[in-house]
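Here is the structure we will look at.
Protein chains in written order, with the numbering used here: chain A, 12 to 126; chain B, 9 to 118.
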């Protein structure tokens, strides 16, 4: 059974460029989460979706960040324009909400470097 | 400021020794989870505790949830090099969101 799939695994870009990160959650999971992990701030929740609808985006740092979930099997996190301080590892996680507790399954992450 | 405080931040021990990692908060959680993360990978769920005072064992790992559901501990008996990793605790709030601690980096030397 495939886990959460993220692409690309690594992204290096220059300041000002648009970056799009992709995520495919585990089939049957109806909640999807985007996190950012840095040494300074640890693991931070950016936004989460339930049944493809954004529920809480209070963690999105600023308007340069946007996320979409057009269907149950795909989500994107876009940064436009990117800045060096956006450099981090971005994780996508999914959860079968409504069954037990919010136990999340994480993807391998995308390591983003903005020069 | 982290909602969940983990201690210690770093822990380096010899194979065969025991270790304990602590996770503390002033908030009450509906559940508390422990994850382990290895370099270059995402966190992997180890256990979920939901009842105050609950103790769960997973082979050499023992997890305890405080009576007031505000704190937790992870104890590893006879640690092995394969236990090396970043251990993260996460509390689930009423809003369904998880708040993660900063993590404890555990290194077990052979």
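Note that the Cβ used here is the ideal one computed from N, Cα and C, for glycine as well. Predicted model, so just to flag it, every value in this text is computed and none were measured.
Using alpha carbons as the reference points, say which of A/29, A/124, A/21, A/33 lies closest to residue 104 of chain A. A/33
How far does the beta strand (DSSP E) with residue 59 of chain A in it extend, from its first residue to its last? 53-61
Leaving aside the five residues before and after residue 62 of chain A along the sequence, list all residues of the same chain whose C-beta is less than 6 angstroms from its C-beta, in chain order. 41
List the residues of chain B that residue 115 of chain A touches, going by C-beta distances under 9 angstroms, in chain order. 41, 43, 51, 53, 98, 106
Closest by C-alpha distance to residue 39 of chain A, when choosing among A/52, A/15, A/24: A/15
Taking residue 92 of chain B as the reference, which of B/108, B/26, B/32, B/80 has the closest Cα? B/26
Is the Cβ-Cβ distance between residue 47 of chain A and residue 99 of chain A less than 7 angstroms? yes
Residue 84 of chain B: which of B/100, B/78, B/66, B/104 sits nearest, CA to CA? B/66
Residue span of the beta strand (DSSP E) that contains residue 67 of chain A, given as start and end: 64-67
Pull up the distance between the alpha-carbon of residue 112 of chain A and that of residue 73 of chain B, whole angstroms please. 15 angstroms
So which residues on chain A does residue 110 of chain B lean against when the C-beta distance must stay under 7 angstroms? 53
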